[in-house]
Structure formats: structure tokens, C-alpha cells
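Notes for the one structure printed next.
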Amino acid sequence: MSLAAFVTDADMNLLDESGYEAVIHHSREQLDRMGEWCTSHHGDSGLSQDCLDSTTTAEQAAEGLLEYIKKYVPERRTGLLAGNSVHADKSFLVKQPYKVVTDHLHYRLLDVSSIKEAARRWAPKDVLKKIPRKQMLHEARADILESIEEPVASSLNKDPFLGLDALFTGLRYIREHKILELTCELFRDHGNTWTVKEFHHNAIVTIESENIKTILSLKFQDYGIAFRLAPFQPLLGEGIFDTDGERWASSRALVRPSFTREQIADLASLEDLIQDLFVLLPRDGRTVVDLQDAFFRYTLDSATEFLFGQAVGSLKGHSSDQKFAQAFKYAQEAIITRGALGPLSMFWRDRKANECNRICRDFARQFVDDAIHMSQSMKQDEAQNEPGKRKRVIFSYELASRTNDPERILDEVMNLLVAGRDTTASLLGNLFFMLAKNPAIWDRLRSEVAVLEGRTPTYEDLHKLKYVKCCVK
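The opening residue of the sequence shown carries number 1 in full-length UniProt numbering; numbering runs sequentially from there.
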């Protein structure tokens, strides 16, 4: 009597909200042969009268449907027929004149009803509760759109209007330092991808590897940071990790050449910091120690050593540098709070956060000024250097050789400081947590490192430690 079709991408996003729809002409005699339920339901909905009034033949509907599908899926055997109990729909489409449509589509089906049955048996109990309730109109267009809505990621909101429940829950867990536990719980209960309403935004949260690969690599140009930029910029300014579009491309062009192999391969400075780290660790083998705190202090020192050519002394507890470390920690916590507040962040005032942002940027600014001064001096003295003689490569100096804009350099190094500290410290913490739970892996790791016989490894040595690399990855 009627048919409708919509085409979506792999993420169930409609490629055309209008879709294709046709009502096929039927005579009064044909309609009178329908069963009692069809006669009553389609009579009440007005579809029966629409069929009597229509001049569209089944052949015309089939031709129009195929043309519409080919517009978005030109290649044969690639598009999937999908819907609720879609095998029943296919039983009609395999007949003439609609067989041209099924011949163009892939033989496989995506049956939403099967997904729901699997969820009913094996998914967490509350998953099906989050599926939008069907209106049971039994109309082609409505049935399809409802089927599209059903497989989409579930929402964790109880407040469907502003999402305030999720906002306040997140803030409470942040205050209790349990945000990681909350995140793990949400993914465990809702799956690898789910949605959350944040005022007028619908955020999709995912740990699905294919989604992440698409966002960060395959379709990088299609995604951006958008409204999430604002919480970062009081501390970081505008750098490679908190900008979009042309500004990001400009940052990438500036920063990427500054990563030189010579600097990365310079392990001597890291060795000094490792020894500072060892000083913090008890030697008796019994005293409990918080490695995560030690790792954050180590990576703050290693990141500033890499960026500025001078560690801030977090491991050694230098009082002047500890002020920076403490301010940096609080400023990052303020970013998390501001981000969790979303649009409400415009009403949030934190004088301590503002002061910490100032302390951090002023601290880094002195190194940036030194880098610009040194870069200018190096250019003047370049002709007088001995042939083949190379000075130590420092990241901020490399940036200063490409731009003399102090604010631009400051923004970039602040961005990289956050990345260099937090990500590496988190990686090390997770690595040693897993090693502590797997003594066999720890023993194998130690046996591979033992071939160095206690000497400091070279950059080339590290490449040969295959098991170490696998553990880190």
C-alpha cells in the first residue's frame, strides 16, 4: 500500500531527512480483500483512502525507490536493508516489480528487532529502558524513523530537557576524586558509546576504537573541539590541542618540525631525573608508596626539561618551583570543573584558578623570553660556530627560531606541557599497576632489561627492547 526509505551513514545519521515515500494505487476490490485488522487500521489512518486516490503504480514506485537509493548508494551490493523485523519487508521486495531494489542491495540484513532481542537477554537491564518508545502507528515513514532511533547510543539522562542530573552527578564525583570510577561504571552499564544531554548539546561519548580512529584520523577534518575550547584557554591560550581549523593547522605546521630526533634521543637529562625519582622510593621493599604522585612529579620535570631545557625541580621539592607545580595542578582541576559545567561555566568564578593560570603562564613566559633571546643570539653567532659542532637542542628554542611572537610560543609550550605531563604519568601509573598484578610479566621484563648490565641505555638500545615496547603500548 505504501513504502518509504531513508539512507543513513554508518553512524545512523540520516543523509536525507526527506527520504523517499510513495503510496501505491489500489482498487476498491483489492482493498476489500484485506483482513479485518488491516481494513480497520488503514481505514482509520487514512491510508486506504490515500491508496484509492493515488495514481502511482507499483512499477513507478519501484523505479523511484531504486533511483533514490542509487543516489546515495551507487555501488551494487554495498547498502544494507535495515529495519524492525526487516525480513518481513524483504519477503515483499524480492517479488516483482521490487526485485530490482533487492538485487541492488547487499544480501545481508540489519534487523533492529534482533538487536533488541540480544539486548533483552545479555545487555544490562536498563539498556532497553532507554530505547525511545514506539508510537505503533504502523505507517511506513514512522516505522523507519523509529527503527533508526532504536539502535542509536542510549542516553544516561533522567532529565530529558537540560540534563542537569548528569551535570550534578559529574560535579559530585569530581569533588570526591572518583570521576574515573564513574566513567568506568557508565561505560560498563551503557556500552562503548552513549549519549548525554548537556543543556542544548547532545554529546556522544565513546571508547569504541573505530569511532576514535574515525574522529582522530580517517575523518579528522569533519570533527572539531567547538564549545569545549573555552575551559582550556585561560591556562593554555590558543595552541595545537585547543584550536580548530586553520588555527590548528598553523600550530601543527609550527610545532611539528620542532620535534627533532636529537632532542628525543637525548637520554642523559632523563637519566638524571630518573635518579631523582629513585630517591623518593623506599628501599626496604615493604613501605607503601604512591607511585602515581611520583610519576606526575617526574613527568612535570621531564616535560619542562624537554620544553625549556630546565626541569622545574618537582622531584627535588624546590620551593619556588613547587609553587608552579601546585598552581599547575589546581589550574588543570579548574579546567575539568569548567568543562563539566558546560554553558553554566559563564557564571562560575574562581579567583584561585585565575591566579594559578597567571602563575603558570608567568613561570613559562620567562623561559620563552630566554628562548627568543637565545635564538636571536644563535642566529648572530651561527657563522662563527665550528664546523660540525652542535649545541643542545631545546624545544622552545626551536619554536623561537620559527617565530618571535612570545605569546604564540607561550601558548604552544603550555599546550605541550599538559600533554607531556598528564598522558605520560597516566601511562606509567597504569603500566606499573598492571605489572604489580602480573609477576610473570614483570620477571620477563626485568630479564630483557638485564642485558644492559646496569649501563644507561642508548636510543638505539631502547628500540631493541621489544618486550618493553609491547608492555608500554
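Quick reminder that beta carbons are idealized off the backbone N, C-alpha and C, glycines included. Please read these numbers as outputs of a predicted model, since none were measured by experiment.
Quiz item: The alpha helix (DSSP H) spanning K90 covers which residue range?
Solution: The residue given as residue 90 occupies position 90 in the sequence shown. Element bounds for K90: 86-93.
Practice problem: Could you tell me which of V418, S396, E333 sits nearest to E176, measuring between CA atoms? | Solution: The residue given as residue 176 occupies position 176 in the sequence shown. Measuring from the Cα of E176, the nearest candidate turns out to be E333.
Practice problem: Would you please state the rounded distance, in angstroms, between the beta carbons of F363 and F395? I believe it to be under 8 Å. | Solution: Counted from its first residue, the sequence shown places residue 363 at position 363. Counted from its first residue, the sequence shown places residue 395 at position 395. Rounded, the Cβ-Cβ distance is 16 Å, inconsistent with contact.
Quiz prompt | Cβ-based burial, L218 [other Cβ within 10 Å; buried from 16] | solution = For the purposes of this step, residue 218 is taken as residue 218 along the sequence shown, with counting starting at 1. Under the 10 Å beta carbon count, L218 is surrounded by fewer than 16 other beta carbons and is classified as exposed.
Quiz item: Taking buried to mean at least 16 other C-beta atoms within 10 Å of its own C-beta, is S314 buried or exposed?
Solution: For the purposes of this step, residue 314 is taken as residue 314 along the sequence shown, with counting starting at 1. When all chains shown are included, S314 counts as buried.
Exercise. Mind checking which residues open and close the beta strand (DSSP E) that includes W194?
Key: Counting from 1 along the sequence shown, the entry for residue 194 is found at position 194. That run of the beta strand (DSSP E) goes 193-198.
Self-check item: CA-to-CA distance, G309 to C470, given in whole angstroms
Solution: Indexing the sequence shown from 1 puts residue 470 at position 470. Indexing the sequence shown from 1 puts residue 309 at position 309. Answer to the nearest angstrom: the Cα atoms are 30 Å apart.
Exercise. Taking R228 as the reference, give the member of M346, A400, D242, L216 with the closest Cα.
Key: Position 228 of the sequence shown, counted from the start, is the residue given in the question as residue 228. If we check each option's Cα against that of R228, D242 comes out closest.
Practice problem: Below 7 Å CB to CB, which residues in the same chain sit around P387 once its five sequence neighbours on both sides are set aside? | Solution: Counted from its first residue, the sequence shown places residue 387 at position 387. Only weak support exists for where P387 lies, its pLDDT of 47 falling under 50; the value from the coordinates is given anyway. Taken in chain order, the list of residues that qualify is empty.
Quiz prompt | With 16 other Cβ atoms within 10 Å as the buried cut-off, status of H190 | solution = On the sequence shown, residue 190 is found 190 positions in, with the first residue counted as 1. Buried, since its Cβ has 16 or more Cβ neighbours within 10 Å.
Quiz item: Of the residues V312, V73, R455, K329, which one's Cα is nearest the Cα of A268?
Solution: As a working note, residue 268 is residue 268 in the sequence shown. Nearest C-alpha to A268: R455.
Quiz item: Apart from the five residues just before and just after E17, which ones in its own chain have a Cβ nearer than 7 Å to its Cβ?
Solution: Here the question's residue 17 lines up with position 17 in the sequence shown. Excluding sequence neighbours, E17 sits near nothing in its chain.
Practice problem: Could you tell me whether the segment 28-36 touches the segment 60-80, where touching means 3 or more Cβ pairs closer than 8 Å? | Solution: The segment 28-36 vs the segment 60-80: no contact.
Quiz item: Can you name, in chain order, every residue of its own chain whose Cβ lies under 7 Å from the Cβ of K389, other than the five neighbours on each side?
Solution: The residue given as residue 389 occupies position 389 in the sequence shown. Annotation note: pLDDT 47 at K389 (below 50); position unreliable, coordinate value reported separately. Leaving aside the five residues that flank K389 on each side, none in its chain has a CB nearer than 7 Å to its CB.
Quiz item: Given 8 Å as the limit, is there contact between the segment 349-356 and the segment 242-252, that is, 3 or more CB pairs closer than that?
Solution: no
Exercise. Measure the C-alpha to C-alpha separation of K316 and I335 and round it to an integer number of angstroms.
Key: Taking the sequence shown and counting its residues from 1, the one referred to as residue 316 is at position 316. Taking the sequence shown and counting its residues from 1, the one referred to as residue 335 is at position 335. Between the C-alpha atoms of K316 and I335 there is a straight-line separation of about 27 Å.
Quiz item: Can you tell which of Y298, M374, N357 has the C-alpha that lies nearest to the C-alpha of S426?
Solution: Along the sequence shown, read from residue 1 onward, the residue named residue 426 stands at position 426. The option with the nearest alpha carbon to S426 is Y298.
Quiz prompt | 7 Å Cβ shell around V289 - same chain, five flanking residues per side excluded | solution = Counting from 1 along the sequence shown, the entry for residue 289 is found at position 289. Cβ neighbours of V289 beyond the five flanking positions: L281, P282.
Practice problem: Look at the Cβ atom of H87, then the Cβ atom of L109, and state whether they are nearer than 8 Å. | Solution: Position 87 of the sequence shown, counted from the start, is the residue given in the question as residue 87. Position 109 of the sequence shown, counted from the start, is the residue given in the question as residue 109. In this structure, the beta-carbon distance from H87 to L109 falls below 8 Å.
Quiz item: What's the call for residue 483, buried or exposed, on a 16-neighbour Cβ count within 10 Å?
Solution: An answer regarding residue 483 cannot be provided, because it is not within the stretch 1 to 473 covered by the chain.
Exercise. Using a threshold of 8 Å, state whether the C-beta atoms of T183 and E398 are closer than that.
Key: What you label residue 183 is simply residue 183 of the sequence shown in a count that begins at 1. What you label residue 398 is simply residue 398 of the sequence shown in a count that begins at 1. Their beta carbons are not under 8 Å apart, which means T183 does not touch E398 by this criterion.
Quiz item: Which ranges would you report for the alpha helix (DSSP H) in the segment 160-192 if only whole runs of at least 4 residues count?
Solution: 164-175, 179-190
Quiz item: At what residues does the beta strand (DSSP E) containing E21 begin and finish?
Solution: The count along the sequence shown starts at 1 and reaches residue 21 at position 21. E21 -> beta strand (DSSP E) spans 20-23.
Exercise. In the DSSP assignment, find the unbroken beta strand (DSSP E) run with V205 in it and report its ends.
Key: Taking the sequence shown and counting its residues from 1, one reaches residue 205 at position 205. Segment 201-206, the beta strand (DSSP E) holding V205.
Quiz item: Leaving out the 5 sequence neighbours to the left and right, which residues in its chain are closer than 8 Å to R252 when beta-carbon positions are compared?
Solution: By 1-based counting over the sequence shown, the position of residue 252 is 252. Excluding positions up to five away in sequence, the list reads I240.
Quiz item: T8 by DSSP, collapsed to three states: which one?
Solution: For the purposes of this step, residue 8 is identified with residue 8 of the sequence shown, where counting begins at 1. Residue state, collapsed to three classes: strand.
Practice problem: Pick helix, strand or coil for S2, following the three-state DSSP scheme. | Solution: Here residue 2 refers to the residue found at position 2 when the sequence shown is read from its first residue. Note: S2 maps to strand in three-state DSSP.
Quiz item: Does the beta-carbon distance from A340 to G163 come in below 8 Å?
Solution: In the sequence shown, residue 340 corresponds to position 340, counting from 1. In the sequence shown, residue 163 corresponds to position 163, counting from 1. No. Outside cutoff.
Self-check item: Residue environment, F347, which counts as buried when at least 16 other CB atoms sit within 10 Å
Solution: On the sequence shown, position 347 is the one that residue 347 refers to. Classification of F347: exposed, given that the 10 Å Cβ count is below 16.
Self-check item: M136 versus G43 - alpha carbon distance
Solution: Start at 1 with the first residue of the sequence shown, and residue 136 comes out as number 136. Start at 1 with the first residue of the sequence shown, and residue 43 comes out as number 43. For M136, the pLDDT reaches just 48, beneath the cut-off of 50, and the residue's location in the model is therefore unreliable, although a value from the coordinates is still provided. Approximately 15 Å between the Cα atoms of the pair.
Quiz item: Between the segment 87-103 and the segment 51-71, do at least 3 Cβ pairs fall closer than 8 Å?
Solution: yes
Quiz prompt | Under the three-state DSSP convention, the category residue 512 falls into | solution = No information on residue 512 is available, as it lies outside the stretch 1 to 473 that the chain covers here.
Self-check item: Counted within 10 angstroms of its Cβ, other Cβ atoms place E460 as buried (16 or more) or exposed
Solution: Residue 460 sits at position 460 when you count from the first residue of the sequence shown. By the neighbour-count definition (other C-beta atoms within 10 Å, threshold 16), E460 is an exposed residue.
Exercise. Could you check which residue in L93, H201, Y223 has the C-alpha nearest to that of residue 494?
Key: Because the chain is modelled from 1 through 473, residue 494 falls outside the range shown and cannot be assessed.
Quiz item: Which of the three DSSP states, helix, strand or coil, is assigned to P387?
Solution: Along the sequence shown, one-based indexing puts residue 387 at 387. Unreliable placement is indicated for P387, whose pLDDT of 47 sits below 50; the coordinate value is still reported in the next sentence. DSSP places P387 in coil when its eight states are reduced to three.
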